[in-house]
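Basically the working numbering = 1-based index in the sequence shown + 40.
Read the structure below first, then the notes.
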Amino acid sequence: MSKKMLIDAAHAEETRVVVVDGSRVEEFDFESQTRKQLRGNIYLAKVTRVEPSLQAAFIEYGGNRHGFLAFNEIHPDYYQIPVADREALMRDDSHDDEDDAPVSRRASGGADEDDHDHAIDDEDDDVEEELARRKRRLMRKYKIQEVIRRRQIMLVQVVKEERGNKGAALTTYLSLAGRYGVLMPNTARGGGISRKITAVTDRKRLKSVVQSLDVPQGMGLIVRTAGAKRTKAEVKRDYEYLLRLWENIRDNTLHSVAPALIYEEEDLVKRAIRDMYDKDLDGIWVEGEAGYREARDFMRMLMPSQAKKVFPYREAAPLFVKHKIEDHLAQIYSPVVPLRSGGYLVINQTEALVAIDVNSGKATRERNIEATALKTNIEAAEEAARQLRLRDLAGLIVIDFIDMDEGKNNRTVEKVLKDALKDDRARIQMGKISGFGLMEISRQRRRTGVLEGTTHVCEHCEGTGRVRSVESSALAALRAVEIEALKGSGSVVLKVSRAVGIYILNEKRAYLLRLQQNHGLFVTVLVDDGLRQAEHEIERTELGERIVPPPVAYEPDPVFDEVFDDEDEDEEEIIVDESEEDEDEDEAPRKARSDDDRGGRRGSKRRRRGRRDEEETAEDAPVEDAEAEFDAEADADGDDEESRRRRRRRGRRGGRRGGREDGDRAADAYVWTRPRVPFGDNPYVWHDPEALEARGGEGRRDRPERGERPERAERPERAERPERTEAAERPERAERPERSERRDRRRGRDRQPAAETPIAPV
């Protein structure tokens, strides 16, 4: 199949580059004008803060945030130490270079082909290990607060892009990448060969080429994988280009004031030609006149012999549409990636890692489950390696393969994945499939991922992928209103989304009414389409006094007095339903028995009243006896539930319901009235009080009027009263008058007319 490089530069806002093999997209890169790449840029920066706890410094270089410069990324040239110490330190480094060079060359010759390059694409891993060893030695000898000062000027390079809340990672060990080599202007390393070049003949030839270039002392040059088959003239031309570039950087630095941009990495069109172009490509097609001219000029400078392979695209149909690339690129934004056998991958990016789940899906063509799992896992390994390049997934990556019982099948899947990752330009470390079917991979972050560069966090779910339900959002808003109600009465305006507002007005109107009744808070619900479903706003329009909600209202059971004192007879008017006159007289004995069974409390009350009556004058005996009989009648009738519902009281002014004795009453707090007793069937005829006095004798006239009734003497304590036996003091039932006679006597309607003289009707 033919391989092509397609560059879409029709729009200045975004440039896209793909490498296709037939109809399959193998490489993809993009660049947005609003989010240009910072990695590789060189800045003249200034130290703003030295942090001993982190052994790092924060650098102001001109970006959105301050950069992070670790102590092991600071070159000894920037140490604020005496000149003699710095020279001695540099001499030690030069001696280390001479001693380690043969070892490094031998190690490079026997390198495994599966090892991967340095962060600068194809940099030698031995150089990285050597630099790390030097940095550790320097860190053991010095501390950053001892050698670095605030406001110090440095020349730094961005090695990691800004991401989220993290600033860019910086280094003072500079490197300039060309087509066939990488120049390190302040790393005294000499020459080196990429470990990806494994052919012994190529390594020997390239080593002689590098030695013939006469690299200046204090610099280093690494031959990249792309220069493996190149001639000495091509490698030398690329090296001279990098030297001229470094001289320009030095001149710009001398004429700049920190913070300032000194060198900007090539744009996407130039980087694609420099890093992705291969002689195996049939050609480069560029859509957009400006992009075409830039690609042609850069190819003429870098590889003049290959400039004829750059073609402009001027057809009516867009370049990516004609080659059916748009559908493949749209799939990058989907978390689900289908496989040929019917299975699929699910890719989820989180803050900690990237999770790739392998599912068999509709793959059912194999003879057993082990064969199905093996075939699906092999396809998943190839597709996962491709998706890592297309989406530029970096950091920690975990692939959850389908469980397989045989260990050799796991080794097969591991080998397939390792072979698929060989062509990846990022540095990758991979482990083995664990007992849980998981494989861990660490991949270098080369650029901003597709999703990060072309998308933003969802304004509705805030990146969680889930939105709060209408019911939950409504309840959250009402809880906030209730908290506002505790601050005091008044009026508030609740602003919610349309769906939440409709739910509150339809389902929670009674709740808003209770808030108004209990707290005095009037709530107005307004719909704001600018709010998200889970958002709400509360605005208080009026503030009143704080209202303490009343206790929960309830209907208690009615409470009736079971004991009536003689004072209650003077203070109350008891109206009895006329239907009681028709009750059977046999009810009296049954009620009396029920009264006897209730215990001694009411009996003791009656006996105490009897003793009080005996202490009064003898002339009061007839009237007081009648009142005692009426009291007993009321007690007996009060036990009946039906009579209890019919009885109504008016004008209570005494008694012990409140726990207060009669002696505690104020003399002028009550007005004493005499009960009115009708005479006969005429309700307008009443007993003459003078007749009652004549019947009661002279002692009756000596009794003070009710309104002038003196206060009762204090009663003796309960403990001083003699013990009584209920059976001994209770009168026999036969001695009680009949109920009908008592009722007639109470109403003044004796069946035998009394000898009293009635008064004329009023």
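Think of the CB as a built atom: it goes at the ideal place given N, C-alpha and C, for glycine as much as any other residue.
Per DSSP, what are the beta-bridge partners of residue i in this structure?
| i | result |
| --- | --- |
| Tyr384 | Pro378 and Asn399 |
| Glu582 | Ser531 |
| Val565 | Leu534 |
| Ile439 | Ile396 and Met479 |
| Phe351 | Trp325 |
| Gln371 | DSSP, once it has assigned bridges, lists no residue as partnering Gln371. |
| Leu109 | Ala97 and Leu210 |
| Ile82 | Gln197 and Tyr303 |
| His576 | Val536 |
| Ile233 | Val263 |
| Asp69 | Val57 |
| Val90 | Ala97 |
| Arg203 | Lys206 |
| Arg64 | Asp61 |
Can you tell me whether DSSP reads residue i as helix, strand or coil?
| i | result |
| --- | --- |
| Asp48 | strand |
| Val263 | strand |
| Asp154 | Low local confidence applies: a pLDDT of 36 at Asp154 is under 50, so the model's placement there is unreliable, with the coordinate-based value given in what follows. Reduced to three states, the DSSP call for Asp154 is coil. |
| Thr241 | helix |
| Ile468 | strand |
| Asp164 | With a pLDDT of 45 at Asp164, under the threshold of 50, the modelled position of that residue is not reliable, and no figure is offered here. |
| Arg284 | helix |
| Gln251 | helix |
| Ile365 | coil |
| Ser513 | helix |
| Met341 | helix |
| Tyr220 | coil |
| Val332 | A quick correction: the sequence has Tyr, not Val, at residue 332. Reduced to three states, the DSSP call for Tyr332 is helix. |
| Val807 | The shown model of the chain, from 41 to 802, leaves out residue 807, and the question about it has no answer. |
| Ala661 | Confidence at Ala661 is low in this model, with a pLDDT of 45, below 50, so the placement of that residue should be treated as unreliable; the coordinate-derived value is given next. DSSP places Ala661 in helix when its eight states are reduced to three. |
| Val490 | helix |
| Glu654 | Note that Glu654 scores a pLDDT of 49, beneath 50, so its modelled location is shaky; the value from the coordinates is reported in the next line. It is helical. |
| Lys43 | strand |
| Gln389 | strand |
| Gly258 | coil |
| Glu446 | coil |
| Gly541 | helix |
| Pro116 | helix |
Taking residue i as the reference, give the member of the options with the closest Cα.
| i | options | result |
| --- | --- | --- |
| Ile418 | Asp445, Ile387 and Val453 | Val453 |
| Glu502 | Gly560, Leu534 and Gln573 | Gln573 |
| Leu552 | Arg538, Gly103, Gly570 and Val533 | Val533 |
| Arg64 | Ile481, Arg407, Gly80 and Lys44 | Lys44 |
| Ala403 | Lys415, Ser296 and Thr265 | Lys415 |
| Ala392 | Lys349, Asp568, Leu436 and Ala357 | Leu436 |
| Leu321 | Gly62, Ala49, Arg487 and Lys362 | Gly62 |
| Tyr303 | Ile188, Glu287 and Asp315 | Glu287 |
| Gln828 | Leu109, Asp307 and Gly528 | Outside the shown range of the chain (41 to 802) lies residue 828, about which nothing can therefore be said. |
| Glu305 | Thr74, Arg79 and Gly560 | Arg79 |
| Lys310 | Ile324, Pro299, Lys319 and Ala300 | Ile324 |
| Gln389 | Gln427, Glu91 and Gly528 | Gln427 |
| Met343 | Asn292, Thr271 and Asp69 | Thr271 |
| Val222 | Phe98, Val240, Val250 and Leu583 | Val250 |
| Met341 | Arg314, Gly331 and Phe351 | Arg314 |
| Leu282 | Glu327, Arg483, Arg219 and Lys269 | Arg219 |
| Met22 | Gln484, Asn399, Arg485 and Asp432 | Residue 22 lies beyond the stretch modelled for the chain, which goes from 41 to 802, so this question has no answer here. |
| Ser381 | Gly401, Ile396 and Lys362 | Gly401 |
| Gly447 | Ala413, Asp367 and Tyr213 | Ala413 |
| Gly258 | Val123, Met224, Arg245 and Arg264 | Met224 |
| Gly475 | Lys458, Lys455, Asp440 and Ala395 | Asp440 |
Rounded C-beta distance between residue i and residue j? I'm assuming under 8 Å.
| i | j | result |
| --- | --- | --- |
| Arg105 | Gly204 | Going by Cβ atoms, the distance from Arg105 to Gly204 rounds to 10 Å, so no, they are not a contact pair. |
| Leu195 | Leu84 | 6 Å |
| Ile578 | Val565 | Actually they do not touch by this definition, with Cβ atoms about 11 Å apart. |
| Ala52 | Gln73 | 6 Å |
| Phe70 | Gly493 | 7 Å |
| Val57 | Leu461 | Actually they are not in contact, since the Cβ atoms of Val57 and Leu461 sit about 21 Å apart, beyond 8 Å. |
| Val326 | Ala97 | Contact flag wrong, Cβ pair sits at about 43 Å. |
| Lys535 | His500 | Wrong, their Cβ atoms sit about 17 Å apart, outside the cutoff. |
Mind checking if residue i is an interface residue toward chain D, Cβ cutoff 8 Å exclusive?
| i | result |
| --- | --- |
| Leu433 | The structure shown contains no chain D; it is built from a single protein chain. |
My parser needs the alpha helix (DSSP H) runs of 4 or more residues fully inside the region 399-432; what are they?
409-431
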